[in-house]
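Student: In the numbering used here, the protein residues as written are 794 to 1267.
Ideal Cβ placement from N, Cα and C applies to all residues, glycine included.
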Amino acid sequence: MRTFVAAATLIVITALPGTGSAVAAPAIGPVDPGSSIGSGFGSVDLGSSGSGFGSADPGSSGPDPEHPVSTCFWSVPVNPELADPQLNYAFPDTSALYWAAQFTVPKDAELVIRGQYAHARYQSLNSYNAGTAVPTAALNDISTAPDAGSQNPYLPGTDRLNEHARSYTVSVLNEAPPAEPRHNTLYAGVPGQDRISLLYRIYLPDNGRDLTGGVGLPDPELHLSDGQVLRGDALCSAVNADNAILKPTPLPLDTYKALRDQPGKPATFPAEHTPVWRAYYNGEFTLACTYLGKCDGTPQRVGGQYSNIDNSYVVAEANRGFGEILVLRGELPQTPKTTTGKQHMNGAVDMRFWSMCSNESLATTKVIACLYDEQVATDAAGRFTIIASLPADRPANATKECGVSWLPLSPTGDGAGHTDDSLLIVRNMLPSKDFSHAAQDTKTPGDEKAVMGQYLPEGQYTSKSEFEASGCVE
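#1: Near P1224, which residues of its chain fall below 7 angstroms by C-beta distance, leaving aside the five closest residues on each side in sequence?
#2: To the nearest angstrom, how far is it from the Cα of E859 to the Cα of V869?
#3: Looking at the strands, I want to know which residues DSSP matches up with A1162.
#4: Counting along the chain, where does the beta strand (DSSP E) carrying S1182 start and finish?
#5: Using 8 angstroms for Cβ pairs, my map puts A913 next to G1006. What's the rounded Cβ distance?
#6: Which residues does DSSP pair with G908 in a beta bridge?
#7: Considering F737, what are the terminal residues of the alpha helix (DSSP H) in which it resides?
#8: What's the C-alpha gap between C1082 and N1101?
#9: When the distance is taken between beta carbons, is R959 closer than 8 angstroms to Q909?
#10: Any idea which residues DSSP pairs M1222 with across the strands?
#11: With DSSP run on the structure shown, which of helix, strand or coil describes Y1254?
#12: Have a look at Y1073 and V1022 and give me their C-alpha separation to the nearest angstrom.
#13: So what's F866 in DSSP terms, helix, strand or just coil?
#14: Under the rule that 16 or more other beta-carbon atoms within 10 Å means buried, what is P1011, buried or exposed?
#15: How many angstroms separate the CA atom of A931 from the CA atom of E1267?
#16: Report, in whole angstroms, the separation of the C-beta atoms of S1148 and D886, which I expect to be a contact under 8 angstroms.
#17: Return the CA-CA distance between V927 and A1031, expressed in angstroms with no decimal places.
#18: What first and last residue would you give for the alpha helix (DSSP H) that runs through V1244?
#19: Check K1193 in the structure and name its three-state DSSP category.
#20: With DSSP collapsed to three states, give me the class of S1263.
#21: Would the segment 1156 to 1169 and the segment 1204 to 1212 be scored as touching if the rule is three or more Cβ pairs under 8 angstroms?
#22: Less than 8 angstroms between the C-beta atoms of L1164 and S1198, yes or no?
#23: Any idea if L954 is buried or exposed, counting beta-carbon neighbours within 10 angstroms, 16 or more meaning buried?
#24: Please report the Cβ distance between Q1247 and E1124, rounded to the nearest whole angstrom; I am assuming they are in contact, meaning their Cβ atoms lie under 8 angstroms.
#25: Taking C-beta to C-beta, are F1115 and R1220 nearer than 8 angstroms?
#26: Please list the segments of the alpha helix (DSSP H) lying wholly inside the segment 970 to 1033, counting only runs of 4 or more residues, in order along the chain.
#27: Kindly identify the DSSP beta-bridge partner or partners of Q1055.
#28: Give every residue of the same chain whose Cβ lies closer than 8 angstroms to the Cβ of D987, excluding the five residues on either side of it in the sequence, and list them in chain order.
#29: Do E1251 and R1071 have their beta-carbon atoms positioned less than 8 angstroms apart in this structure?
#30: What three-state label does DSSP hand E874 in the structure shown?
#31: Roughly how many whole angstroms lie between the Cα atoms of A893 and G950?
#32: In three-state DSSP terms, what is L1046?
#33: With distances taken between CB atoms, is the gap from D999 to T1192 smaller than 8 angstroms?
#34: In this structure, does DSSP put F1115 in helix, strand or coil?
#35: Express the C-alpha separation of R1002 and H957 in angstroms, rounding to a whole number.
#36: Can you pull the DSSP bridge partners for N922?
Structure representation (structure tokens):
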């Protein structure tokens, strides 16, 4: 099996062609309790438990003009609910939008990006190693200082609703970070690689804002050594820009099936009757631990393919062979509430963002559905009950009115022939310094429960009828 693990670490990066034209962004409507989750798997009605962070309603009359969502520099956005459902890879969070850029900065030139802070929960730029797709550097909202006369709306106490004075300017250099890095500079250099690969992320645009968070995409400029500044098509030509979407090749199907279908393993493998949450360190360790039981050591935490440096993850395998529904209970970290257009970002929180997503598997890296923090029902003590099931098995009392949230499991299973399999991922973003129970705080495989405590979900399988008999959560 060692050869399977080794093979799985070889990531081949391909590119999907860009559109080559600007496409306007629809406004994101208010959270619609009756809307659906798509992800390319058909409409799934979430009823009154909530769904995506808004409905993609091209006819919405939000306050924003419709900004282009792709350019010669930036790709089309990736979000399987609000954009093209076929662009579903690398386990995306359905609360986020992702834009890719690939380019080469000429010698003695500097790439400058000018933008407006999005009306959103979070934004960032991440650079990546083109050979492994792992992140190398990040410049997020709070680490990006505003231009003179502007304010950073992500800082507590600043007016989030300010429409004009919210500009910033950053530089992207094909260099490793020096001992004393410059402010507002993304050091995106990777030894041996001339081209730079970026992902621009926005999480949870405010209701009524378009996909760009109401501000449009950041504008790149190329500053040449002779003082000339290039923009638009001239810039794209000079940097040999490629606005295709980077797509990491999933684990080869034969490799995945050989790991999954080992002789002597039960049909529910690799899931366990009591779900086991494991912190994500890197792809090789995850495969060795999940499928070969090699969970010892101190693996390096480098992230996954096109992951976000500001996120850490815990992952659990699930299988309906243990029961029709999986009941997940735990305490929800405190996060800022932003989707309804709060005037200020709350700084007295545990972390910036939390979500739980159901996915297919490493064979496809497709997401099925996600619940983010504002969608999760909690009791007076801040505890949640989430039901993970197929739509047909959703209990009648799995509604927000009953204090229960519902997360659809994959109707296609792992996407590779096992229709009962699902992969669950919990994201923790930017935990506060005084909060010590985040996925980021795990240090050694197996310490997840000791570190995360009540914030690590506990799972129990049961039947639809048994859960319905339990009534509502008090």
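Tutor: Straight from the coordinates:
#1: Locating residue 1224 in the sequence shown gives position 431, where the first residue counts as 1. Closer than 7 angstroms at the Cβ level, and outside the excluded window around P1224, lie D1143, M1144, A1231 and Q1233.
#2: As a working mapping, residue 859 is identified with position 66 in the sequence shown. As a working mapping, residue 869 is identified with position 76 in the sequence shown. Straight-line Cα distance between these residues: approximately 15 angstroms.
#3: Here residue 1162 is taken as the residue at index 369 of the sequence shown, counted from 1. Per DSSP, S1151.
#4: Translated into positions along the sequence shown, residue 1182 becomes position 389. R1176 to S1182 is the span of the beta strand (DSSP E), which, as asked, contains S1182.
#5: Indexing the sequence shown from 1 puts residue 913 at position 120. Indexing the sequence shown from 1 puts residue 1006 at position 213. Their Cβ separation, rounded to whole angstroms, is 4 angstroms, which keeps A913 and G1006 in contact under 8 angstroms.
#6: Within the sequence shown, numbered from 1, the residue matching residue 908 stands at position 115. Beta-bridge pairing links G908 to Y961.
#7: The question about residue 737 has no answer, for the chain in this structure spans 794 to 1267.
#8: Counting from 1 along the sequence shown, the entry for residue 1082 is found at position 289. Counting from 1 along the sequence shown, the entry for residue 1101 is found at position 308. If you take the alpha carbons of C1082 and N1101, they lie about 22 angstroms apart.
#9: The residue labelled residue 909 in the question sits at position 116 within the sequence shown. The residue labelled residue 959 in the question sits at position 166 within the sequence shown. Yes, they are a contact pair.
#10: To locate residue 1222, count along the sequence shown from 1; it is residue 429. Answer by DSSP bridge pairing, in chain order: N1104 and F1146.
#11: Along the sequence shown, read from residue 1 onward, the residue named residue 1254 stands at position 461. Three-state result, Y1254: strand.
#12: Counted from its first residue, the sequence shown places residue 1073 at position 280. Counted from its first residue, the sequence shown places residue 1022 at position 229. Roughly 42 angstroms separates the two Cα atoms.
#13: Within the sequence shown, numbered from 1, the residue matching residue 866 stands at position 73. It is coil, neither helix nor strand.
#14: Residue numbering aside, residue 1011 sits at position 218 when the sequence shown is read from its first letter. Per the 10 Å Cβ criterion, buried.
#15: Sequence index remark: in the sequence shown, residue 931 carries index 138 (1-based). Sequence index remark: in the sequence shown, residue 1267 carries index 474 (1-based). For A931 and E1267, the distance between alpha carbons rounds to 42 angstroms.
#16: Taking the sequence shown and counting its residues from 1, one reaches residue 1148 at position 355. Taking the sequence shown and counting its residues from 1, one reaches residue 886 at position 93. S1148 to D886, Cβ: 6 angstroms. Contact.
#17: Counted from its first residue, the sequence shown places residue 927 at position 134. Counted from its first residue, the sequence shown places residue 1031 at position 238. So the two alpha carbons sit approximately 26 angstroms from each other.
#18: Counting from one through the sequence shown, the residue named residue 1244 turns up at place 451. Counting along the chain, the alpha helix (DSSP H) containing V1244 begins and ends at E1241 to M1245.
#19: Numbered from 1 along the sequence shown, position 400 holds the residue referred to as residue 1193. The answer is helix: DSSP assigns K1193 an H, G or I state.
#20: As a working mapping, residue 1263 is identified with position 470 in the sequence shown. Note: S1263 maps to coil in three-state DSSP.
#21: yes
#22: As a first step, residue 1164 is located in the sequence shown; it is residue number 371 there, counting from the start. As a first step, residue 1198 is located in the sequence shown; it is residue number 405 there, counting from the start. Contact: yes.
#23: The residue you call residue 954 lines up with position 161 of the sequence shown. Its Cβ having fewer than 16 others within 10 Å, L954 is exposed.
#24: Indexing the sequence shown from 1 puts residue 1247 at position 454. Indexing the sequence shown from 1 puts residue 1124 at position 331. Sure, about 4 angstroms apart at Cβ, within 8 angstroms.
#25: As a position in the sequence shown, residue 1115 is number 322, starting the count at 1. As a position in the sequence shown, residue 1220 is number 427, starting the count at 1. No; because the gap between Cβ atoms is not below 8 angstroms, this pair is not in contact.
#26: 1025 to 1031
#27: Here the question's residue 1055 lines up with position 262 in the sequence shown. DSSP, once it has assigned bridges, lists no residue as partnering Q1055.
#28: Indexing the sequence shown from 1 puts residue 987 at position 194. Answer for D987: T897 and N967, listed in chain order.
#29: Your numbering for residue 1071 matches position 278 in the sequence shown. Your numbering for residue 1251 matches position 458 in the sequence shown. The answer is no: Cβ separation not under 8 angstroms.
#30: Here residue 874 refers to the residue found at position 81 of the sequence shown. DSSP places E874 in coil when its eight states are reduced to three.
#31: Locating residue 893 in the sequence shown gives position 100, where the first residue counts as 1. Locating residue 950 in the sequence shown gives position 157, where the first residue counts as 1. Straight-line Cα distance between these residues: approximately 31 angstroms.
#32: Position 253 of the sequence shown, counted from the start, is the residue given in the question as residue 1046. L1046: helix per DSSP, three-state reduction.
#33: Numbered from 1 along the sequence shown, position 206 holds the residue referred to as residue 999. Numbered from 1 along the sequence shown, position 399 holds the residue referred to as residue 1192. Going by C-beta atoms, D999 is not nearer than 8 angstroms to T1192.
#34: As a first step, residue 1115 must be located in the sequence shown, where it is residue number 322. F1115: helix per DSSP, three-state reduction.
#35: Here residue 957 is taken as the residue at index 164 of the sequence shown, counted from 1. Here residue 1002 is taken as the residue at index 209 of the sequence shown, counted from 1. So the alpha carbons of these two residues sit roughly 15 angstroms apart.
#36: As a position in the sequence shown, residue 922 is number 129, starting the count at 1. According to DSSP, N922 bridges with nothing at all.
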